[in-house]
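Numbering (this note's numbering), first residue to last: 4 to 82. We put the beta carbon where it would ideally sit given N, CA and C, even for glycine. Read through the structure below, which is laid out as structure tokens, and then see the notes.
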């Protein structure tokens, strides 16, 4: 993941963390279901980890295909 991707993911997660903390800790904040905010935070964390894993997998596959030697057997069978 690029530095920009990481920063964007952190910003998305921090928004969910802030919301959860307000629901859980702020007595003035009217929220009747802090457990719902917690589930939203967990879902956001899961989504970001899955996204990071997918980006890492695609990057690894891309790097492998760029460094893997190409064996040309076509000329051998054409003769």
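Note down the Cα distance separating residue i from residue j, rounded to an integer number of angstroms.
| i | j | result |
| --- | --- | --- |
| residue 66 | residue 56 | 15 Å |
| residue 12 | residue 51 | 7 Å |
| residue 25 | residue 69 | 47 Å |
| residue 40 | residue 17 | 13 Å |
| residue 23 | residue 49 | 15 Å |
In three-state DSSP terms, what is residue i?
| i | result |
| --- | --- |
| residue 62 | helix |
| residue 31 | coil |
| residue 4 | coil |
| residue 42 | helix |
Just to confirm, are residue i and residue j a CB contact at a threshold of 8 Å?
| i | j | result |
| --- | --- | --- |
| residue 46 | residue 15 | no |
| residue 44 | residue 19 | yes |
| residue 30 | residue 37 | no |
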